[in-house]
Amino acid sequence: MRKLLLAAVLLLAIIFIVTRLSDLEQIAETFRRGVPLWLLLAVLVHLASVLNNGATLRSLYRLLGLKEGVGRLMMLWCSSVFFTTVTSSGGWGGMAVFVTDGRKRGLPAARVTVASAMYYLYDFVSALLVVGLGLIVLVRRGQLDTGEILASVVLAVYALFLAAWLILAWRSPERLAAVMTKGGSFINRLVRPFVRRRDYLDLQRARSLAHDMGAGLTEVRRSPEGLLLPIALSLSHKALTIAILFLCFLAFSQPFSVGTLIAGYSLGYIFTVVTPTPAGIGFVEGILTLAFSGFGIPVATSAVIALAYRGITLWLSLLYGMLSFRWVGLGPKPEALTVDRTRPLRPPPDLRP
Numbered sequence: 093m094r095k096l097l098l099a100a101v102l103l104l105a106i107i108f109i110v111t112r113l114s115d116l117e118q119i120a121e122t123f124r125r126g127v128p129l130w131l132l133l134a135v136l137v138h139l140a141s142v143l144n145n146g147a148t149l150r151s152l153y154r155l156l157g158l159k160e161g162v163g164r165l166m167m168l169w170c171s172s173v174f175f176t177t178v179t180s181s182g183g184w185g186g187m188a189v190f191v192t193d194g195r196k197r198g199l200p201a202a203r204v205t206v207a208s209a210m211y212y213l214y215d216f217v218s219a220l221l222v223v224g225l226g227l228i229v230l231v232r233r234g235q236l237d238t239g240e241i242l243a244s245v246v247l248a249v250y251a252l253f254l255a256a257w258l259i260l261a262w263r264s265p266e267r268l269a270a271v272m273t274k275g276g277s278f279i280n281r282l283v284r285p286f287v288r289r290r291d292y293l294d295l296q297r298a299r300s301l302a303h304d305m306g307a308g309l310t311e312v313r314r315s316p317e318g319l320l321l322p323i324a325l326s327l328s329h330k331a332l333t334i335a336i337l338f339l340c341f342l343a344f345s346q347p348f349s350v351g352t353l354i355a356g357y358s359l360g361y362i363f364t365v366v367t368p369t370p371a372g373i374g375f376v377e378g379i380l381t382l383a384f385s386g387f388g389i390p391v392a393t394s395a396v397i398a399l400a401y402r403g404i405t406l407w408l409s410l411l412y413g414m415l416s417f418r419w420v421g422l423g424p425k426p427e428a429l430t431v432d433r434t435r436p437l438r439p440p441p442d443l444r445p
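Following my numbering, the numbering of the sequence shown begins with 93 at its first residue and continues without gaps.
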């Protein structure tokens with residue numbers, strides 16, 4: 093079954109790439125027009141940002157008592173980007189990659205779920221801090237439209253939903269179990285005409301997951317100072333991504349300001365998350381071109397900068413993800429667990445009457 097799923101995802105990837113060949117050709121032509129040194133430095137900075145994401149995940153795994161290497165977590169992050177883009181599954185698809193890999197390696201699914209959810213929450217919160225500055229820049233330049241406001245609101249709602257989910261697991265696992273059970277019952281009723289032999293979702297398993305998540309979050313209470321490192325790493329990832337945009341401006345000899353970089357990053361981020369196309373492909377490039385041209389940059393130069401920036405931050409990530417997804421998906425199952433047994437989970441409360 094695992095190999096069948098892997099084959100299906102790779103088939104989707106082939107279809108995705110074939111349908112986007114024109115975008116890839118445009119990006120390749122754009123790279124030929126830029127200064128190679130600056131573009132090479134941008135690629136190296138992107139590699140540093142991937143390493144940064146692995147370090148962020150490692151800090152969260154350690155916070156929850158899980159031992160995992162930065163290298164593998166880098167691979168998992170790239171795989172999650174690849175999977176969510178080719179399947180258009182959003183952040184939930186990315187979490188599924190981490191949970192599936194954790195289950196294969198013998199890690200508690202609840203802890204891995206919490207770690208991945210906390211990663212996305214940190215990513216949203218740190219991005220909102222930068223996006224806030226970007227919106228201020230757009231207001232001062234008279235470039236803020238309703239679309240940017242609505243997209244920012246949707247991004248904030250995503251962050252609030254994740255925060256509420258984690259807080260509920262932290263403070264009241266029983267209440268979270270009730271919410272998940274009700275949601276699971278609703279989904280089972282919807283799909284029952286198509287799956288007649290059994291429930292689509294195991295409600296008892298959902299209750300156990302909720303209690304295990306609450307128990308896993310008790311690790312955070314023991315070392316709350318550990319919450320500071322992930323936010324610092326998440327903010328540094330945003331700084332590295334802005335540095336990539338900075339190098340793209342240099343590659344095409346275009347003058348810029350700090351405000352232009354922050355506004356460009358902010359627009360690229362929010363419309364990558366809130367977008368009608370997978371990872372905002374085609375859509376974000378157009379938004380950035382219009383935004384840069386509105387800042388007084390020639391349209392042709394705005395377009396090549398946007399293509400180069402997205403070529404590095406998106407398409408390189410997809411390339412790494414396609415390679416690492418195959419490696420992660422076909423990797424052998426380890427014989428030993430990679431859980432820190434010196435910090436055991438608290439058992440869930442007895443639910444028997």
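Backbone N, C-alpha and C fix where the C-beta goes; we use that ideal spot for every residue, glycine too.
Taking buried to mean at least 16 other C-beta atoms within 10 Å of its own C-beta, is residue i buried or exposed?
i: residue 238; result: exposed
i: residue 164; result: buried
i: residue 330; result: buried
i: residue 156; result: buried
i: residue 154; result: buried
i: residue 409; result: buried
i: residue 279; result: exposed
i: residue 424; result: Note on residue 424: pLDDT 45, under 50, position unreliable in the model; no value is reported.
i: residue 265; result: buried
i: residue 299; result: buried
i: residue 407; result: buried
i: residue 429; result: For residue 429, the predicted model reports a pLDDT of 41, less than 50, meaning its position is unreliable; a value from the coordinates is still stated below. That one is exposed.
State the CB to CB distance for the pair residue i and residue j, rounded to an integer number of angstroms; the pair is presumed to be in contact (CB under 8 Å).
i: residue 413; j: residue 174; result: 3 Å
i: residue 332; j: residue 134; result: Rounded, the Cβ-Cβ distance is 10 Å, inconsistent with contact.
i: residue 179; j: residue 186; result: That belief does not hold up - the Cβ atoms of residue 179 and residue 186 are roughly 10 Å apart, past 8 Å.
i: residue 190; j: residue 221; result: In fact, because the Cβ distance is near 24 Å, the residues do not count as touching under 8 Å.
i: residue 258; j: residue 325; result: So it is not a contact: roughly 18 Å between Cβ atoms.
i: residue 377; j: residue 399; result: 6 Å
i: residue 362; j: residue 243; result: 4 Å
The region 367-376 / the region 215-234 touching (three or more Cβ pairs under 8 Å):
no
Do the region 143-155 and the region 206-224 meet, that is, are 3 or more Cβ pairs less than 8 Å apart?
yes
At least three beta-carbon pairs within less than 8 Å, the region 339-356 to the region 381-396
Touching, yes.
For the region 250-280, which segments carrying the alpha helix (DSSP H) assignment without a break, of at least 4 residues, lie completely within its bounds, in sequence order?
none
Evaluate the contact criterion for the region 186-205 versus the region 336-353: three or more CB pairs, one atom per stretch, below 8 Å.
no
Tell me whether the region 396-412 and the region 120-132 touch, counting them as touching only if at least three CB pairs, one residue from each stretch, are closer than 8 Å.
The region 396-412 vs the region 120-132: in contact.
Between the region 190-203 and the region 237-256, are three or more C-beta pairs nearer than 8 Å?
no
Residue ranges of each alpha helix (DSSP H) within the region 351-409, 4 or longer:
375-386, 391-402
Please list the segments of the alpha helix (DSSP H) lying wholly inside the region 160-213, counting only runs of 4 or more residues, in order along the chain.
162-179, 182-196
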